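Student: Heads up: the sequence lines are chains Y and F, in that order.
Numbering of the first sequence is given in this note's numbering, commencing with residue 1 and proceeding in unit increments.
Numbering of the second sequence is given in this note's numbering, commencing with residue 350 and proceeding in unit increments.
Backbone N, C-alpha and C define an ideal beta-carbon position, used for all residues, glycine too.
The structure displayed is predicted, hence computed values, not measured ones.
2 protein chains.
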Amino acid sequence: MSEPEKIQLAHGGGGRRTRALLDRLFLPAFENPALARRHDSAVLSIVQELSLPQAPGGGSARIAFTTDSFVVSPLFFPGGDIGRLAICGTVNDLAMAGAEPRWLSAGFILEEGLEVALLERIVSSMRAAAREAGVEVVTGDTKVVDRGKGDGAFIATSGIGIVPGGLDISPARVRPGDAILVSGDVGRHGIAILSVREGLIFEGDVTSDVAPLASLASAVLASGAEVHCFRDLTRGGLATALIEIALDGRAAIEVEERDVPVNGAVSGACEILGLDPLYVACEGRFVAFVSEESAGRALAAMRAHPLGQGAARIGSVGSDRPGTVRLHARSGGSRPLDLLSGEQLPRIC
Amino acid sequence: MSEPEKIQLAHGGGGRRTRALLDRLFLPAFENPALARRHDSAVLSIVQELSLPQAPGGGSARIAFTTDSFVVSPLFFPGGDIGRLAICGTVNDLAMAGAEPRWLSAGFILEEGLEVALLERIVSSMRAAAREAGVEVVTGDTKVVDRGKGDGAFIATSGIGIVPGGLDISPARVRPGDAILVSGDVGRHGIAILSVREGLIFEGDVTSDVAPLASLASAVLASGAEVHCFRDLTRGGLATALIEIALDGRAAIEVEERDVPVNGAVSGACEILGLDPLYVACEGRFVAFVSEESAGRALAAMRAHPLGQGAARIGSVGSDRPGTVRLHARSGGSRPLDLLSGEQLPRIC
Chain Y
1 MSEPEKIQLA
11 HGGGGRRTRA
21 LLDRLFLPAF
31 ENPALARRHD
41 SAVLSIVQEL
51 SLPQAPGGGS
61 ARIAFTTDSF
71 VVSPLFFPGG
81 DIGRLAICGT
91 VNDLAMAGAE
101 PRWLSAGFIL
111 EEGLEVALLE
121 RIVSSMRAAA
131 REAGVEVVTG
141 DTKVVDRGKG
151 DGAFIATSGI
161 GIVPGGLDIS
171 PARVRPGDAI
181 LVSGDVGRHG
191 IAILSVREGL
201 IFEGDVTSDV
211 APLASLASAV
221 LASGAEVHCF
231 RDLTRGGLAT
241 ALIEIALDGR
251 AAIEVEERDV
261 PVNGAVSGAC
271 EILGLDPLYV
281 ACEGRFVAFV
291 SEESAGRALA
301 AMRAHPLGQG
311 AARIGSVGSD
321 RPGTVRLHAR
331 SGGSRPLDLL
341 SGEQLPRIC
Chain F
350 MSEPEKIQLA
360 HGGGGRRTRA
370 LLDRLFLPAF
380 ENPALARRHD
390 SAVLSIVQEL
400 SLPQAPGGGS
410 ARIAFTTDSF
420 VVSPLFFPGG
430 DIGRLAICGT
440 VNDLAMAGAE
450 PRWLSAGFIL
460 EEGLEVALLE
470 RIVSSMRAAA
480 REAGVEVVTG
490 DTKVVDRGKG
500 DGAFIATSGI
510 GIVPGGLDIS
520 PARVRPGDAI
530 LVSGDVGRHG
540 IAILSVREGL
550 IFEGDVTSDV
560 APLASLASAV
570 LASGAEVHCF
580 RDLTRGGLAT
590 ALIEIALDGR
600 AAIEVEERDV
610 PVNGAVSGAC
620 EILGLDPLYV
630 ACEGRFVAFV
640 SEESAGRALA
650 AMRAHPLGQG
660 AARIGSVGSD
670 RPGTVRLHAR
680 SGGSRPLDLL
690 SGEQLPRIC
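1. At 4 residues or longer, and completely inside the region 534 to 621 of chain F: list those alpha helix (DSSP H) runs for me, N to C.
2. Give a yes or no on whether the minimum CB-CB distance between Gln-693 of chain F and chain Y is below 8 Å.
3. Check whether the Cβ atoms of Phe-289 of chain Y and Asp-178 of chain Y lie closer than 8 Å to each other.
4. Would Leu-358 of chain F and Glu-136 of chain Y qualify as a contact pair, given that the criterion is a beta-carbon distance under 8 Å?
5. Excluding the 5 residues preceding and the 5 following Asp-93 of chain Y in the sequence, name in chain order all residues of the same chain whose CB lies nearer than 6 Å to its CB.
6. Between Arg-365 of chain F and the rest of its own chain, which residues show a CB-CB distance below 7 Å, the 5 nearest in sequence each way excluded?
7. Please list, in chain order, the chain F residues whose beta carbon lies closer than 7 Å to that of Ala-168 of chain Y.
8. Going along chain Y, which residues have a C-beta under 7 Å from Ala-370 of chain F?
9. Asp-276 of chain Y versus chain F: which residues are under 8 Å apart at the beta carbon?
10. Restricting to runs no shorter than 4 residues, where is the alpha helix (DSSP H) found entirely within the region 110 to 192 of chain Y?
11. Take Glu-256 of chain Y as the anchor and find which of Y:Arg-335, Y:Gly-190, Y:Gly-224 has the nearest alpha-carbon.
12. Give the residues of chain F in contact with Leu-110 of chain Y, contact being defined as C-beta atoms less than 9 Å apart.
13. Which term fits Leu-694 of chain F, buried or exposed, when burial requires 16 or more other beta carbons within 10 angstroms of its beta carbon?
14. Rounded to a whole number of angstroms, what is the C-alpha to C-alpha distance between Gly-184 of chain Y and Thr-139 of chain Y?
15. Could one say the Cβ of Val-91 of chain Y lies closer than 8 Å to chain F's Cβ atoms, at least one of them?
16. Do you know offhand how far Val-145 of chain Y's Cα is from Val-420 of chain F's?
17. Using only the alpha-carbon positions, how far apart do Gly-406 of chain F and Gly-515 of chain F sit?
18. For a cutoff of 8 Å on Cβ pairs, would you count Thr-367 of chain F as touching chain Y?
19. Which of the three DSSP states, helix, strand or coil, is assigned to Glu-100 of chain Y?
20. Once DSSP output is grouped into helix, strand and coil, what is the label at Arg-684 of chain F?
21. Is Leu-35 of chain Y buried or exposed, if buried means 16 or more other CB atoms sit within 10 Å of its CB?
22. CB of Lys-143 of chain Y to nearest heavy atom of the ligand ZN: below 7 Å?
23. What's the gap between the Cα of Gly-497 of chain F and the Cα of Ala-219 of chain Y?
24. Could you tell me which chain Y residues have their CB closer than 9 Å to the CB of Arg-599 of chain F, listed as they occur along the chain?
25. For Ala-295 of chain Y and Gly-310 of chain Y, what's the separation of their Cα atoms in angstroms?
26. Can you find a CB in chain F that lies within less than 8 Å of the CB of Asp-232 of chain Y?
27. Can you pull the chain Y residues whose beta carbon is under 9 Å from the beta carbon of Ser-690 of chain F, in chain order?
28. Would you check if there are 3 or more beta carbon pairs closer than 8 Å linking the region 545 to 554 of chain F to the region 569 to 582 of chain F?
29. Note down the Cα distance separating Arg-37 of chain Y from Ala-482 of chain F, rounded to an integer number of angstroms.
30. State the DSSP-derived secondary structure class of Leu-434 of chain F, mapped to helix, strand or coil.
31. Asp-417 of chain F touches chain Y at which residues, Cβ-Cβ below 7 Å?
32. Would you kindly work out how many angstroms separate the C-alpha atoms of Leu-543 of chain F and Leu-549 of chain F, rounded to a whole number?
33. Kindly say whether Pro-4 of chain Y, judged by its beta-carbon, lies nearer than 8 Å to any beta-carbon of chain F.
34. 8 Å is my cut-off, CB to CB: does Ile-46 of chain Y come that close to chain F?
35. Using a beta-carbon distance below 8 Å, is Ser-41 of chain Y in contact with chain F?
36. What would DSSP say about His-11 of chain Y, mapped onto helix, strand or coil?
The structure is reproduced here in structure tokens:
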């Protein structure tokens, strides 16, 4: 008899194995149109449900709904902690659907023996991040597991946001000719976690970029840019986000490696560790796919915002080979980017 | 220096320590009106947020939003499993706010090494429970933690439901003279978990009562009964639910012990184990506080529903000693019921 198939760390890494689990298990089991769109948030039409009249001027009112569980290790890291991460991660998933985040829930799974003072620091960091993002934590739950059956604290947050009438932002809307922007330098969150986890000291300080991105996303929308898709860069970094969009939107993505902003300390750390910064996680960065004509104003709107000062244009959508991402390397030549099949940095969020 | 305060299993037990953590830490940190109502779900008015016109006939449209994390051990037990529990628990929290459950999210925290076949059984059980409850799982997330840092699988579910216009169901509406009904016999879930966890064999089969209660709650509402409060009986059982309502609604609750339905096998098991069935968890039972005049029709509506056949009237709200629950014992005499200060049955949900 063969060994039964088991869950591996890579099933949670956001790469090929995570996608396989989704395709094989979760999507068929819970089959419905919202889930099938594979976006960070489900966008739900609520007007009919509430038996409300349509808003004047058309455009049906919708809410966005999302969830994320956070298992980052360690709980505190340069630039943030699991509490800030839990608020920002859920706020960002809502913002990536074009929604204005409003209400969050928080579920805590605590390990017996966790110091209450640590929990207080985590909760106080959540409170600060929620204020920064303009959201309220309106409901919650606490469970405790026996010592050795958890790891300090896990936090599951869900969120509800309001999607402005008429707005449709998703991989399906990406078109040949779209410009691709990134809101800042990539890879800081992953390297910050790794530095403290492994006790590594890198030249220059690397702090996590974890931040709530709703006001930045809404500044891009308010600029009048024609936005087709937003995606935040979490597990698997920039490369994974682009590959997912290419697959889900049947887009032919072309990226210029030299145009992708990477902080010097991050790039040095990646070199030492043999990591590709394109695959290292961020928690405060996103990509925007906008029409070529609006690339300028979208980029200007990003750069005028404190969280988007390092924004850059990194590529375009072509028409050859839909469903792939092609990297034009700094060294010349080009190669396709692939989903990671293993786990690069476990438990970074 | 004194030992720093640490999280204990009892902080997750739903009793005195859980309440203290909520009062001291979570409520002040996330202060807002929805959270302060301490209901199972936050009820949120959405009409203004969506810039929608009011519905004709008044009554502002609202949604209910709730979350729960599930850490039950073992993952499979007589009558259910963590997947069914995760769907039903969240559906029931919505139903207890008078909402019609619609959309759920599911976040999985899996331990490295979990057999994929087990996960498949859990997900398939979630799918069946979601169908039974008439809800859709529209968004989700999977994280994996290293071996020994989790316990097979934890599941966090959140949910959104629609609250019919004008409906207000909460502890604050409980009034002297209200009749108190319970939807069936109590304590089966806790004893079912304990029997398999401890390898105990009890006389008669004890299977968990885990079930989605939304259609039963809505049958009570549809009967025309004047419902003031619903509360499902989870951690800490019937006694804890009543004490929470007494505290939050400043109600003087009187309960007749002899009228509380307890299955013979549960009562036998409790006797052997030294447990009070009033404090043992259910996952498919709730209490309803209704006006005295509508007690008859509410009870009839419950008994006509497959999940409420064992419903009974168990007491009334008086006016002496608001904020307390008084048990009129089978043996004669009466005594106040208190929140448990320790953990009776850890990880039953």
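Tutor: Checking against the coordinates, here is how it stands:
1. Within the region 534 to 621 of chain F, the complete alpha helix (DSSP H) segments of 4 residues or longer fall at 537 to 546, 563 to 571, 586 to 598, listed in chain order.
2. Numbered from its first residue, the second sequence carries residue 693 of chain F at position 344. No Cβ of chain Y is located within less than 8 Å of the beta carbon of Gln-693 of chain F.
3. If you number the first sequence from 1, residue 289 of chain Y lands on position 289. If you number the first sequence from 1, residue 178 of chain Y lands on position 178. Contact check for Phe-289 of chain Y against Asp-178 of chain Y passes: the beta carbons are separated by less than 8 Å.
4. Residue numbering aside, residue 358 of chain F sits at position 9 when the second sequence is read from its first letter. Residue numbering aside, residue 136 of chain Y sits at position 136 when the first sequence is read from its first letter. Taking 8 Å as the Cβ cut-off, Leu-358 of chain F and Glu-136 of chain Y do not qualify as a contacting pair.
5. Along the first sequence, read from residue 1 onward, the residue named residue 93 of chain Y stands at position 93. By the criterion of a C-beta distance shorter than 6 Å, Asp-93 of chain Y is surrounded in its chain by Asp-40, Ser-41, Thr-66, once the five residues flanking it on both sides are discounted.
6. As a first step, residue 365 of chain F must be located in the second sequence, where it is residue number 16. If you ignore the 5 residues before and after Arg-365 of chain F, its C-beta comes within less than 7 Å of the C-beta of Leu-688, Leu-689, Ser-690, all in its own chain and listed in chain order.
7. For the purposes of this step, residue 168 of chain Y is identified with residue 168 of the first sequence, where counting begins at 1. The question names Ala, yet the displayed sequence has Asp at residue 168 of chain Y. None at all; the shortest Cβ gap to chain F is about 16 Å.
8. Taking the second sequence and counting its residues from 1, the one referred to as residue 370 of chain F is at position 21. One point to set straight first is that residue 370 of chain F is Leu, not Ala, in the sequence displayed. Thr-142, listed in chain order.
9. For the purposes of this step, residue 276 of chain Y is taken as the residue at position 276 of the first sequence. Under the 8 Å cutoff, chain F gives no residues; its nearest Cβ is about 21 Å from Asp-276 of chain Y.
10. Note on the region 110 to 192 of chain Y: whole alpha helix (DSSP H) runs with a minimum of 4 residues are 116 to 133, in chain order.
11. As a first step, residue 256 of chain Y must be located in the first sequence, where it is residue number 256. Each of Y:Arg-335, Y:Gly-190, Y:Gly-224 was checked against the Cα of Glu-256 of chain Y, and the nearest Cα belongs to Y:Arg-335.
12. For the purposes of this step, residue 110 of chain Y is identified with residue 110 of the first sequence, where counting begins at 1. Here the neighbours are Ile-356, His-360, Gly-361.
13. As a first step, residue 694 of chain F must be located in the second sequence, where it is residue number 345. Burial call: buried.
14. What you label residue 184 of chain Y is simply residue 184 of the first sequence in a count that begins at 1. What you label residue 139 of chain Y is simply residue 139 of the first sequence in a count that begins at 1. Across the structure, Gly-184 of chain Y and Thr-139 of chain Y are spaced so that their CA atoms are roughly 33 Å apart.
15. Looking up residue 91 of chain Y in the first sequence gives position 91. So, not an interface residue.
16. Sequence index remark: in the first sequence, residue 145 of chain Y carries index 145 (1-based). Sequence index remark: in the second sequence, residue 420 of chain F carries index 71 (1-based). So the alpha carbons of these two residues sit roughly 7 Å apart.
17. Here residue 406 of chain F corresponds to residue number 57 of the second sequence, with the count starting at 1. Here residue 515 of chain F corresponds to residue number 166 of the second sequence, with the count starting at 1. Here Gly-406 of chain F scores only 46 on pLDDT, less than 50, and its place in the model is too uncertain to base an answer on.
18. For the purposes of this step, residue 367 of chain F is identified with residue 18 of the second sequence, where counting begins at 1. Closer than 8 Å: yes.
19. Position 100 of the first sequence, counting from 1, holds the residue named residue 100 of chain Y. Three-state DSSP puts Glu-100 of chain Y in a strand.
20. The count along the second sequence starts at 1 and reaches residue 684 of chain F at position 335. Correct three-state label for Arg-684 of chain F: strand.
21. Residue mapping note: residue 35 of chain Y aligns to position 35 of the first sequence, counting from 1. By the C-beta density criterion, Leu-35 of chain Y is buried, having at least 16 other C-beta atoms within 10 angstroms.
22. Of ligands this structure carries none, so the ligand ZN is not represented either.
23. The residue given as residue 497 of chain F occupies position 148 in the second sequence. The residue given as residue 219 of chain Y occupies position 219 in the first sequence. Distance between the alpha carbons of Gly-497 of chain F and Ala-219 of chain Y: 44 Å.
24. Translated into positions along the second sequence, residue 599 of chain F becomes position 250. Going along chain Y, no residue has its Cβ under 9 Å from Arg-599 of chain F, so there is no contact; the nearest lies around 22 Å.
25. Within the first sequence, the letter at position 295 stands for residue 295 of chain Y. Within the first sequence, the letter at position 310 stands for residue 310 of chain Y. One alpha carbon belongs to Ala-295 of chain Y, the other to Gly-310 of chain Y, and they sit about 15 Å apart.
26. Numbered from its first residue, the first sequence carries residue 232 of chain Y at position 232. No, because no Cβ of chain F sits closer than 8 Å to the Cβ of Asp-232 of chain Y.
27. Numbered from its first residue, the second sequence carries residue 690 of chain F at position 341. Contact of Ser-690 of chain F with chain Y by beta-carbon distance below 9 Å is absent, the smallest such distance being about 15 Å.
28. The region 545 to 554 of chain F vs the region 569 to 582 of chain F: no contact.
29. Within the first sequence, numbered from 1, the residue matching residue 37 of chain Y stands at position 37. Within the second sequence, numbered from 1, the residue matching residue 482 of chain F stands at position 133. Answer to the nearest angstrom: the Cα atoms are 23 Å apart.
30. Against the second sequence, residue 434 of chain F aligns to sequence position 85. Three-state result, Leu-434 of chain F: helix.
31. Counted from its first residue, the second sequence places residue 417 of chain F at position 68. Correct list: Gly-107, Asp-141.
32. Position 194 of the second sequence, counting from 1, holds the residue named residue 543 of chain F. Position 200 of the second sequence, counting from 1, holds the residue named residue 549 of chain F. Rounded to the nearest angstrom, the gap between the Cα atoms of Leu-543 of chain F and Leu-549 of chain F is 8 Å.
33. Position 4 of the first sequence, counted from the start, is the residue given in the question as residue 4 of chain Y. Chain F, which has a Cβ nearer than 8 Å to the Cβ of Pro-4 of chain Y, makes this yes.
34. What you label residue 46 of chain Y is simply residue 46 of the first sequence in a count that begins at 1. Yes - at least one Cβ of chain F is within 8 Å of the one on Ile-46 of chain Y.
35. Counting from one through the first sequence, the residue named residue 41 of chain Y turns up at place 41. Answer yes: the Cβ-Cβ gap between Ser-41 of chain Y and chain F drops below 8 Å somewhere.
36. Residue mapping note: residue 11 of chain Y aligns to position 11 of the first sequence, counting from 1. Helix.
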